[in-house]
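Chains A and B supply the protein sequences, listed in that same order. Residue numbering for the first sequence follows this note's numbering, starting at 1 and increasing by one per position. Residue numbering for the second sequence follows this note's numbering, starting at 1001 and increasing by one per position. The beta-carbon is built from N, C-alpha and C at its ideal position, and this holds for glycine as well. Only a predicted model underlies this, so the values are computations on that prediction, with no experimental measurement involved. Reviewing the structure listed below.
2 protein chains.
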Amino acid sequence: MALDVRKKQVLDAIVDDYVSTYEPVGSKALIERHNFSVSSATLRNEMAELERLGLIEKPHTSAGRIPSDRGYREYVNSLMSYDNLTDDERSDIEERISGSVDDITDLIKTATDTLSERTGFVSLYMSPRLHKSFLKQLKMLMIEPGKALVVIVLSAGVVKDKVVRIPNFLTGEQIMHISDSVEQNLTGKPLDEITLVTVATSMKGADIPEAMMNQIVYEAYTAIKQADSLNIYLEGENKMLQLPDFGELSKARNLLDSLSNDGMVAGYVNELHPMDEPNEDSFMIRIGQEITLDGLQDCSFITTTYKIGDDISGNIGVIGPKRMEYSKVISQIDFVRKTLNNKIKRLTE
Amino acid sequence: MALDVRKKQVLDAIVDDYVSTYEPVGSKALIERHNFSVSSATLRNEMAELERLGLIEKPHTSAGRIPSDRGYREYVNSLMSYDNLTDDERSDIEERISGSVDDITDLIKTATDTLSERTGFVSLYMSPRLHKSFLKQLKMLMIEPGKALVVIVLSAGVVKDKVVRIPNFLTGEQIMHISDSVEQNLTGKPLDEITLVTVATSMKGADIPEAMMNQIVYEAYTAIKQADSLNIYLEGENKMLQLPDFGELSKARNLLDSLSNDGMVAGYVNELHPMDEPNEDSFMIRIGQEITLDGLQDCSFITTTYKIGDDISGNIGVIGPKRMEYSKVISQIDFVRKTLNNKIKRLTE
DNA sequence: TATTAGCACTCTATCAGTCCGAGTGCTAAC
DNA sequence: GTTAGCACTCGGACTGATAGAGTGCTAATA
Chain A
1 MALDVRKKQV LDAIVDDYVS TYEPVGSKAL IERHNFSVSS ATLRNEMAEL
51 ERLGLIEKPH TSAGRIPSDR GYREYVNSLM SYDNLTDDER SDIEERISGS
101 VDDITDLIKT ATDTLSERTG FVSLYMSPRL HKSFLKQLKM LMIEPGKALV
151 VIVLSAGVVK DKVVRIPNFL TGEQIMHISD SVEQNLTGKP LDEITLVTVA
201 TSMKGADIPE AMMNQIVYEA YTAIKQADSL NIYLEGENKM LQLPDFGELS
251 KARNLLDSLS NDGMVAGYVN ELHPMDEPNE DSFMIRIGQE ITLDGLQDCS
301 FITTTYKIGD DISGNIGVIG PKRMEYSKVI SQIDFVRKTL NNKIKRLTE
Chain B
1001 MALDVRKKQV LDAIVDDYVS TYEPVGSKAL IERHNFSVSS ATLRNEMAEL
1051 ERLGLIEKPH TSAGRIPSDR GYREYVNSLM SYDNLTDDER SDIEERISGS
1101 VDDITDLIKT ATDTLSERTG FVSLYMSPRL HKSFLKQLKM LMIEPGKALV
1151 VIVLSAGVVK DKVVRIPNFL TGEQIMHISD SVEQNLTGKP LDEITLVTVA
1201 TSMKGADIPE AMMNQIVYEA YTAIKQADSL NIYLEGENKM LQLPDFGELS
1251 KARNLLDSLS NDGMVAGYVN ELHPMDEPNE DSFMIRIGQE ITLDGLQDCS
1301 FITTTYKIGD DISGNIGVIG PKRMEYSKVI SQIDFVRKTL NNKIKRLTE
């Protein structure tokens, strides 16, 4: 799509105006607000051309133009200029995130909340993907007869645990044995290389009757695997009701219903960030119709990646109306991500 | 408020009709739908009287009547007949809750989700109040230099844990010592009797240099206290947008904004259920203006109590529009509570 | 050839006016 | 105490007229 300079300026101006006013922009309004050195008639010709190219559209015959999804895409890809945060904004974000407690999950959550508050949109994080992280410790604690707590420590100091059922007559002593044996054999292994078989063989050392082995193997295995399950956290859904974009009740309903389906959203965000991500510092941007999730076609997704150590990463980002100030939102996410990464680094060193 | 029989019938009919139609009920409609053996004129007189008593009101001069908050209250207190669930409903609830996993929190969450799904309203649970539960075990696990995991096992098998910072040069050995010492001295104590002082004295046994004691005492103490912090979980906020009661965008906004403030809602529900609750099987019902939480004056709260063992309890309930079928909702909550209590009992035995 | 002024046309949003129906309170009769 | 009847009120739905913003097209211009 090779647009000449003036067409680019016009599209840029239309997006800017429409984003800030939520009113279709006409040729006259365009002349008034931007200093084009041509007349409105010329702009009308340009706009007709842009419409033929599929970059802008009319809600109805006698209205101004609004950007189409492809228009936003063009804008984001090649027209938009990046924003710099003000010092105030920076220090605000830094304070909020640094003032947070020591727990990594709390930290990520705080970063996400900050994002929603600062943009006025929905923000989200995906729990860290641990499949590449490796096992540093595994302990089993007897809680009461028939119940034990499996504690798993992963690289970068991530801790997970799960209460599991065990055969009733196992003693604390025996549990310790098993746990030591498993730990010795599995420490250093990445999570995605741990299978039911490796867990089973790792227990060979502890001399526990074969009969009760199966249950423990299974429970230990699920405890480990559960650590790697994918969770999503969404914040600020209600803020979307303030936006004119969702001022019609049916649109608002649609939006909130779609967002309430955590699993679907998580799956979608997960798809956006493939496992072997080539460029981790980049943003994934999906606009309007590009989004293959039902009911979110008036939205845009902007997500990026945070890191815990070298092996572990997760995603953080924003879901807003597609009519948003992309440059502002992206720079907010960028700075929050950086601040978060730094704080995590300090925490895990 | 001593109402004669017919006034009661009229109020009852008005509430029933209004709840099911969301239309103000007039004297004629009342005659048509219920077989009163008097004329509409007589009913008009009765209605005028009920209005004088503050039990019903008119949206405007030429409209029918709708129940006032006091009208709903009167209805709930003395008119409403209790509903019995159908066998289908019972088995549906039982299946959903019994199909859930073994973790108590998951179980309560499932029960809450069920409640929202079955009523179409917002449901909630408050995390168990643990202040009366007593300490059964306390273990500290070294995770890496400077970091330990405190695992706390409470009565009824409730497990809590927290990662804490410890002095860098403490060895795993020393941590074990401290943990054993604390455990020995505090086991059997109710959480609300554990203070900074008792924690400190409990560590006297482990011979750790005085200097680093303070930090550990503090961290152990906060770990214990955090176990008792009050959390709330809300489910189904978006469902409220389907209701005509919140069909105006401003009302919907108001509602969701209020509900998004978890802390406020938690505080309110907590107030409703005083610590030394006299009758644990009862329902707390708050209707419309009775609710002292901003922005929820078109709602009703109905909450009750679930139990984990003898010492631990929490709350579960529903927030819906005040125009709701109270008897149905109450019986749903009642049955969910019973099912939940049973399942918890089986789980903790 | 690109630009522009001008003009006829289109469509929406808004506002006032009208009418209908449901419901009320009151009065007088039963 | 109950009821029929009636005048009155008010919101909601419909209508038609109007203003305003914007367009596309044409013909003139640089």
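What would DSSP say about residue i, mapped onto helix, strand or coil?
| i | result |
| --- | --- |
| residue 295 of chain A | coil |
| residue 161 of chain A | strand |
| residue 80 of chain A | coil |
| residue 61 of chain A | coil |
| residue 1133 of chain B | coil |
| residue 1247 of chain B | coil |
| residue 1203 of chain B | coil |
| residue 1194 of chain B | coil |
| residue 1037 of chain B | coil |
List, in order along the chain, the chain A residues whose C-beta lies closer than 8 Å to that of residue i?
| i | result |
| --- | --- |
| residue 1252 of chain B | 241, 249, 252 |
| residue 1293 of chain B | The premise fails here: residue 1293 of chain B is roughly 15 Å from chain A at the closest Cβ pair, so nothing lies under 8 Å. |
| residue 1160 of chain B | Here the premise fails: no neighbours, minimum Cβ distance about 10 Å. |
With 8 Å set as the bound, which would you pick, yes or no: does the beta-carbon of residue i sit closer than that to a beta-carbon of chain A?
| i | result |
| --- | --- |
| residue 1165 of chain B | yes |
| residue 969 of chain B | Residue 969 of chain B lies beyond the stretch modelled for chain B, which goes from 1001 to 1349, so this question has no answer here. |
| residue 1260 of chain B | yes |
| residue 1214 of chain B | no |
| residue 1318 of chain B | no |
| residue 1016 of chain B | no |
| residue 1122 of chain B | no |
| residue 1153 of chain B | yes |
With 8 Å set as the bound, which would you pick, yes or no: does the beta-carbon of residue i sit closer than that to a beta-carbon of chain B?
| i | result |
| --- | --- |
| residue 157 of chain A | yes |
| residue 150 of chain A | no |
| residue 238 of chain A | yes |
| residue 310 of chain A | no |
| residue 69 of chain A | no |
| residue 257 of chain A | yes |
| residue 103 of chain A | yes |
Going by beta-carbon coordinates alone, are residue i and residue j separated by less than 8 Å?
| i | j | result |
| --- | --- | --- |
| residue 196 of chain A | residue 135 of chain A | no |
| residue 26 of chain A | residue 64 of chain A | yes |
| residue 1327 of chain B | residue 1080 of chain B | yes |
| residue 322 of chain A | residue 298 of chain A | yes |
| residue 240 of chain A | residue 335 of chain A | no |
| residue 342 of chain A | residue 306 of chain A | no |
| residue 50 of chain A | residue 70 of chain A | no |
| residue 1141 of chain B | residue 1149 of chain B | yes |
| residue 119 of chain A | residue 265 of chain A | no |
| residue 1104 of chain B | residue 1308 of chain B | yes |
| residue 1132 of chain B | residue 1312 of chain B | yes |
| residue 91 of chain A | residue 231 of chain A | no |
| residue 1015 of chain B | residue 1059 of chain B | no |
| residue 1235 of chain B | residue 1116 of chain B | yes |
| residue 124 of chain A | residue 287 of chain A | no |
| residue 40 of chain A | residue 31 of chain A | yes |
| residue 17 of chain A | residue 33 of chain A | yes |
Could you list which residues in chain A have their beta carbon closer than 9 Å to that of residue i, in chain order?
| i | result |
| --- | --- |
| residue 1228 of chain B | By Cβ distance, chain A contributes nothing, its closest Cβ being about 17 Å from residue 1228 of chain B, past 9 Å. |
Name the chain B residues whose beta carbon is nearer than 7 Å to that of residue i?
| i | result |
| --- | --- |
| residue 147 of chain A | 1157 |
| residue 139 of chain A | 1141 |
| residue 144 of chain A | 1157 |
Could you tell me which residues DSSP pairs with residue i in its beta bridges?
| i | result |
| --- | --- |
| residue 148 of chain A | A:142, A:164 |
| residue 1307 of chain B | B:1313 |
| residue 1301 of chain B | B:1286, B:1319 |
| residue 123 of chain A | A:235, A:318 |
| residue 128 of chain A | In DSSP, residue 128 of chain A forms no bridge with anything. |
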